[in-house]
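Undergrad: Sharing a structure with you now.
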Amino acid sequence: MGAAPILEAIHRHERGRILAALMAELRDLDLAEEALSEAMESALVHWGRAGVPDRPGAWLLTAARRKVIDRWRRAARLAARAPDLRLLAEADAAAREEPAPEIPDERLRLIFTCSHPALEAKTRVALTLRTLGGLTTAEIARAFLDTEPAMGQRLSRAKAKIREAGIPFAVPGPGDWAARLGSVLAVLYLIFNEGYAVTAGAAPLRVDLSAEAIYLARMLDQLRPDEPEVLGLLALMLMTDARRAARLGPDGALVALDRQDRRLWDRAGIAEGEALVDRAMALCAPGPFQIKAAIAALHAAPEIDRRQIFLLYDSLLRFEPTPVVRLNRAVALAETGETAAALALVEALRVDLHSYQPFHAALAELRLRAGQGAAAAEAYGEAIARSGNAAERAFLRTRLAAVQTAADPKKKAEQSSAQVQQGGKDTEGTPVSHEPR
Amino acid sequence: MKYLLLLYGGDLPEPQPGSPEFDRMMQEYDGFNALLERDGIDWSGEALEDTGSATSLRKRGGRVETMDGPFAETKEQLGGFYLIDVPDLETAMRYAAEIPAALYGTVEIRPIMDTAPLLPGG
């Protein structure tokens, strides 16, 4: 194998680790990235000539360090940089004495820096994908339907802010731990959902962000084992991802969770998720991701325990008292057979959620079950108007058509019994939450 | 690192002087100052008079032009500042959250520029 493909593989697997190690010495992400890319260039030349070194990652780290030393020397700012330079030179000398050192793993610190709350949410996501996921700026730009220059600017502004505003390169202390870990997990979940929401259309051009998020969550779990919420998030993502193949019907429309063809589910992914939920629960520190994972596990069980799912949404509400969780809780209540009570709960959320597509979809479904056909059709219309996704629209249109034929006595006679049955509550899938949110 | 904490009012109504709420707010400011002292933070800070007393000045073509009022006419008024020297943004944010202004308005955290690399011979 030539130097280039080996270099690419190392880059994919060790980039985060090398960058984090450089960041620990330099406290400047921009400089660290530039030094690493210069080191990669010289690796192409050297490895092509002399072969790939024993520890290519350590080689790259040392080379990058020397690039920085060179750069500072050239800039003739030795006086100002003396303390930094001494530190680097010491690290370099230490690396020389021991020819194959392990790269110190500073990635946990880097994760917390990249998802610091002083950065904008989208920037946290982009920066995490760039530094720890090793995605290129072009790939991230495509993933978020941004132009490459715009994404490049966003990333360099973020790196400048980290340096100039003094965003720490540190694992937060116990006082900030829960909140800051929450911010990291939110970033990973955003990455996952971005990948999961778009499965058709532009997909071939985009990197698999769901897989990327799972990769990053596994890394986090390795760096900080037995953290209940990390286990919960990983479980949630694995179980959601395991149902990917059953998510869209042959017509490209979304299939509600409980109506999916279970034979298409990846049993291994679900089993791993279930085991992780058990491990997390055993640690006795409940949190929102663990609850969402437990809900996902219940949906994957052979017999779905509707009551238990409703109770879990109840506990989720204590952690996330948001209108969206209230909506999902109301839908879970409807699934236990309490249609009228659920409908009242959903109606009460109109002020908060009137521009949220799933609100109208849930309202439509519950009105239909309550026998309010015309009102249901109206709500489906509202939902379709607010949907930004073709698969989702296809799903909603099918439902709307079913309501309209059911309401029209002439067409009703032509309808097959299977379609009529769709309106009955026993065969009904969860109308809003294809996945727990 | 040094940070300038700019205290902006305007989002929510602030307690009016003479009210018990105002006295409580001033006590909270005293408490915050005491916290900085207790933690051994190098700091300074002042409250500013109302923007009605502000004068804005600029020099164009060698001539000084002045204007009555603040530079930017916004709902949010700059009401005071703290200058603190702390290790990083995390710490700066922790202190900023303790300032009463954070309850009514917004505290903007601005890092003080490190000018050493810009100076000759630096």
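Which chain is which? The protein sequence lines are X and A, in order. Its first residue numbered 2, the first sequence is counted upward by one per residue in the numbering used here. Its first residue numbered 11, the second sequence is counted upward by one per residue in the numbering used here. By construction, the Cβ of each residue, glycine as well, lies at the ideal position given by its N, Cα and C atoms.
Beta-carbon within less than 6 Å of residue 278(X)'s beta-carbon, same chain only, minus the 5 sequence neighbours each way: which residues are those?
TA: Locating residue 278(X) in the first sequence gives position 277, counting from the first residue. 236, 294, 295 and 298.
Undergrad: Within the same chain, show all residues whose beta-carbon is closer than 7 Å to that of residue 126(X), passing over the 5 residues directly before and after it, in chain order.
TA: As a first step, residue 126(X) must be located in the first sequence, where it is residue number 125. Answer for residue 126(X): 188, 191 and 192, listed in chain order.
Undergrad: Going by alpha carbons, who is nearest to residue 29(X) out of 362(X), 61(X), 66(X) and 360(X)?
TA: For the purposes of this step, residue 29(X) is identified with residue 28 of the first sequence, where counting begins at 1. Minimum Cα distance to residue 29(X) is reached at 66(X).
Undergrad: Closer than 9 Å by beta-carbon distance: list the chain X residues that pair up with residue 36(A), in chain order.
TA: Residue numbering aside, residue 36(A) sits at position 26 when the second sequence is read from its first letter. Those do not exist, as residue 36(A) stays about 27 Å from chain X at its closest Cβ, beyond 9 Å.
Undergrad: Against chain A, which members of the segment 151 to 169 of chain X pass a CB distance test of less than 8 Å?
TA: Listed by position along the chain: 165, 166, 167, 168 and 169.
Undergrad: Assuming contact is defined by CB atoms lying nearer than 8 Å, are residue 108(X) and residue 238(X) in contact in what I supplied?
TA: For the purposes of this step, residue 108(X) is identified with residue 107 of the first sequence, where counting begins at 1. For the purposes of this step, residue 238(X) is identified with residue 237 of the first sequence, where counting begins at 1. Their beta carbons are not under 8 Å apart, which means residue 108(X) does not touch residue 238(X) by this criterion.
Undergrad: On the three-pair Cβ rule with 8 Å, is the segment 150 to 160 of chain X touching the segment 244 to 252 of chain X?
TA: No: fewer than three Cβ pairs fall under 8 Å.
Undergrad: Sorted by chain position, which residues of the same chain lie with C-beta nearer than 7 Å to residue 256(X)'s C-beta, five sequence neighbours on each side aside?
TA: As a first step, residue 256(X) must be located in the first sequence, where it is residue number 255. Taken in chain order, the residues that qualify are 247, 248, 249 and 250.
Undergrad: Let me know the secondary structure DSSP gives residue 49(X) once reduced to three states.
TA: Position 48 of the first sequence, counted from the start, is the residue given in the question as residue 49(X). Correct three-state label for residue 49(X): helix.
Undergrad: Could you tell me whether any Cβ in chain A is nearer than 8 Å to the Cβ of residue 119(X)?
TA: In the first sequence, residue 119(X) corresponds to position 118, counting from 1. At least one chain A Cβ lies under 8 Å of residue 119(X).
Undergrad: Give a yes or no on whether the minimum CB-CB distance between residue 22(A) and chain X is below 8 Å.
TA: In the second sequence, counting from the first residue as 1, residue 22(A) sits at position 12. Not one chain X Cβ lies under 8 Å of residue 22(A).
Undergrad: Alpha carbon to alpha carbon, how far is residue 119(A) from residue 404(X)?
TA: As a working note, residue 119(A) is residue 109 in the second sequence. As a working note, residue 404(X) is residue 403 in the first sequence. If you take the alpha carbons of residue 119(A) and residue 404(X), they lie about 55 Å apart.
Undergrad: Would DSSP call residue 57(A) helix, strand or coil?
TA: For the purposes of this step, residue 57(A) is taken as residue 47 along the second sequence, with counting starting at 1. DSSP places residue 57(A) in strand when its eight states are reduced to three.
Undergrad: Listed from N- to C-terminal order along the chain, which residues in the segment 85 to 112 of chain A have their beta-carbon within a distance smaller than 9 Å of any beta-carbon of chain X?
TA: The residues in question are 96, 97, 98, 99, 100, 101, 102, 103 and 104.
Undergrad: If I'm right that residue 364(X) touches residue 347(X) with Cβ under 8 Å, what's the distance once you round it to whole angstroms?
TA: Reading the first sequence from its first residue, position 363 is the one you call residue 364(X). Reading the first sequence from its first residue, position 346 is the one you call residue 347(X). With a Cβ gap of about 5 Å, residue 364(X) and residue 347(X) count as contacting.
Undergrad: Using beta-carbon positions only, say whether residue 17(X) and residue 132(X) come within less than 8 Å of one another.
TA: Against the first sequence, residue 17(X) aligns to sequence position 16. Against the first sequence, residue 132(X) aligns to sequence position 131. Yes, the Cβ-Cβ distance between residue 17(X) and residue 132(X) is below 8 Å.
Undergrad: Within a Cβ cutoff of 7 Å, which residues of the same chain sit near residue 118(X), ignoring the five residues on either side of it in sequence?
TA: For the purposes of this step, residue 118(X) is taken as the residue at position 117 of the first sequence. Excluding residues within five positions, the ones whose Cβ falls inside 7 Å are 184.
Undergrad: Decide yes or no for the touch test of the segment 259 to 278 of chain X against the segment 310 to 320 of chain X: beta carbon pairs closer than 8 Å, at least 3 of them.
TA: Because the criterion of three Cβ pairs below 8 Å is not met, the segment 259 to 278 of chain X and the segment 310 to 320 of chain X do not touch.
Undergrad: From which residue to which residue does the beta strand (DSSP E) around residue 77(A) run?
TA: On the second sequence, residue 77(A) is found 67 positions in, with the first residue counted as 1. It spans 73 to 78 - the beta strand (DSSP E) in which residue 77(A) sits, taken as one unbroken run.
Undergrad: Check whether the Cβ of residue 121(A) lies closer than 8 Å to any Cβ atom in chain X.
TA: Along the second sequence, one-based indexing puts residue 121(A) at 111. Residue 121(A) counts as touching chain X.
Undergrad: Look at the alpha carbon of residue 331(X) and the alpha carbon of residue 345(X), and state the distance between them as a whole number of angstroms.
TA: Taking the first residue of the first sequence as 1, we reach residue 331(X) at position 330. Taking the first residue of the first sequence as 1, we reach residue 345(X) at position 344. Between residue 331(X) and residue 345(X), the C-alpha separation is close to 9 Å.
Undergrad: Can you give the Cα-Cα distance for residue 385(X) and residue 402(X), rounded to whole angstroms?
TA: If you number the first sequence from 1, residue 385(X) lands on position 384. If you number the first sequence from 1, residue 402(X) lands on position 401. Their backbone Cα atoms lie some 12 Å apart in a straight line.
Undergrad: Taking the alpha-carbon positions, what's the residue 396(X) to residue 373(X) distance?
TA: Numbered from its first residue, the first sequence carries residue 396(X) at position 395. Numbered from its first residue, the first sequence carries residue 373(X) at position 372. Their Cα atoms are separated by approximately 20 Å.
Undergrad: Which residues does DSSP list as the beta-bridge partners of residue 233(X)?
TA: Position 232 of the first sequence, counting from 1, holds the residue named residue 233(X). None; residue 233(X) has no bridge partner.
Undergrad: Whole-angstrom Cβ separation of residue 169(X) and residue 98(A), contact assumed at under 8 Å?
TA: As a first step, residue 169(X) is located in the first sequence; it is residue number 168 there, counting from the start. As a first step, residue 98(A) is located in the second sequence; it is residue number 88 there, counting from the start. Residue 169(X) to residue 98(A), Cβ: 4 Å. Contact.
Undergrad: On the DSSP letters alone, give me the boundaries of the alpha helix (DSSP H) that residue 160(X) sits inside.
TA: Looking up residue 160(X) in the first sequence gives position 159. 149 to 165 is the extent of the alpha helix (DSSP H) around residue 160(X).
Undergrad: Mapping the DSSP letters down to three states, classify residue 356(X) as helix, strand or coil.
TA: Residue mapping note: residue 356(X) aligns to position 355 of the first sequence, counting from 1. In this structure, residue 356(X) counts as coil in the three-state DSSP scheme.
Undergrad: Could you have a look at residue 70(A) and say whether DSSP puts it in helix, strand or coil?
TA: Within the second sequence, residue 70(A) is the residue found at index 60, counting from 1. Strand, per DSSP.
Undergrad: In this structure, does DSSP put residue 339(X) in helix, strand or coil?
TA: Translated into positions along the first sequence, residue 339(X) becomes position 338. Residue 339(X) falls in the coil class under three-state DSSP.
Undergrad: I believe residue 113(A) touches residue 55(A) by the beta-carbon criterion, under 8 Å. Please report the beta-carbon distance rounded to the nearest angstrom.
TA: As a position in the second sequence, residue 113(A) is number 103, starting the count at 1. As a position in the second sequence, residue 55(A) is number 45, starting the count at 1. Incorrect: roughly 17 Å between the Cβ atoms, too far for contact.
Undergrad: Pairing CB atoms from the segment 2 to 12 of chain X with CB atoms from the segment 44 to 58 of chain X, are three or more of them under 8 Å?
TA: A contact exists between the segment 2 to 12 of chain X and the segment 44 to 58 of chain X.
Undergrad: Taking only three categories from DSSP, how would you classify residue 120(A)?
TA: Here residue 120(A) refers to the residue found at position 110 of the second sequence. Strand.
Undergrad: Could you say if the segment 144 to 153 of chain X and the segment 74 to 85 of chain A meet the contact criterion of at least three C-beta pairs nearer than 8 Å?
TA: Counting Cβ pairs under 8 Å, fewer than three are found: no touch.
Undergrad: Let me know the secondary structure DSSP gives residue 255(X) once reduced to three states.
TA: As a first step, residue 255(X) is located in the first sequence; it is residue number 254 there, counting from the start. In this structure, residue 255(X) counts as strand in the three-state DSSP scheme.
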